[in-house]
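Colleague: Below you'll find the structure I mean.
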Ligand SMILES: CC(C)(COP(=O)(O)OP(=O)(O)OC[C@H]1O[C@@H](n2cnc3c(N)ncnc32)[C@H](O)[C@@H]1OP(=O)(O)O)[C@@H](O)C(=O)NCCC(=O)NCCS
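Given below as structure tokens:
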């Protein structure tokens, strides 16, 4: 693993928060160049956003948009990756969530790197997948 400093010096590891998801990255998660596949990170971001949305809506939610996804630094096999979430906006049927991803390096000193940042919009839906107001249950 190359030597690195925190690629995002402005950001601080949110040590006082509990992540929505935390997992160790395994060899099965790699891409063709040996680092962690971006799609793996995106899948966890999606799940983390849904977990945050469920704080506001107990029923089904689906992802309508993932935008402004910045991959700031690579993630390596063995890293412990934490997905921190924050609700940005609650609309009539939608919930917009900020997801901040931090990787604790397993090899190379255990330092934290701010690896990815994303905004995800989830929509509350009924059993026909039609939007319903946040906080209601389908009739
Ligand atoms: C999510 C879905 C039900 C929304 O249906 P829709 O007909 O677009 O519904 P609406 O136009 O009423 O929008 C619903 C809410 O989503 C928001 N929204 C719609 N498109 C959006 C987009 N591209 N980005 C952000 N928000 C969006 C709307 O602003 C609205 O929010 P509000 O009620 O809080 O104001 C529909 O697009 C869908 O089924 N998408 C597929 C979802 C899915 O399968 N996700 C898994 C990934 S494959």
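Numbering (this note's numbering), first residue to last: 3 to 141. Ideal placement from N, C-alpha and C gives every residue a C-beta, glycine not left out.
(1) Is it true that the CB of residue 75 sits closer than 8 Å to the CB of residue 122?
(2) Check whether the segment 78-86 and the segment 100-115 are in contact - that is, three or more C-beta pairs closer than 8 Å.
(3) Indicate, with yes or no, if ligand 1 has a heavy atom lying under 7 Å from the CB of residue 122.
(4) Would you call the CB atoms of residue 63 and residue 45 closer than 8 Å?
(5) At a cut-off of 7 Å, is residue 42 close to ligand 1 when judged by its beta-carbon and the heavy atoms of the ligand?
(6) Use the C-beta contact count for residue 60: other C-beta atoms within 10 angstroms, 16 or more gives buried, fewer gives exposed.
(7) Which residues does DSSP list as the beta-bridge partners of residue 118?
Modeller: For this structure:
(1) By one-based count along the chain shown, residue 122 stands at place 120. By one-based count along the chain shown, residue 75 stands at place 73. Cβ atoms of residue 122 and residue 75: not closer than 8 Å.
(2) yes
(3) Looking up residue 122 in the chain shown gives position 120. No, since every heavy atom of ligand 1 falls outside the 7 Å radius drawn around the Cβ of residue 122.
(4) One-based indexing of the chain shown puts residue 63 at position 61. One-based indexing of the chain shown puts residue 45 at position 43. In this structure, residue 45 does not lie closer than 8 Å to residue 63 by Cβ.
(5) Position 40 of the chain shown holds residue 42. Not under cutoff, so the answer is no.
(6) As a first step, residue 60 is located in the chain shown; it is residue number 58 there, counting from the start. Residue 60 comes out exposed.
(7) Counting from one through the chain shown, the residue named residue 118 turns up at place 116. Paired residues: 73, 103.
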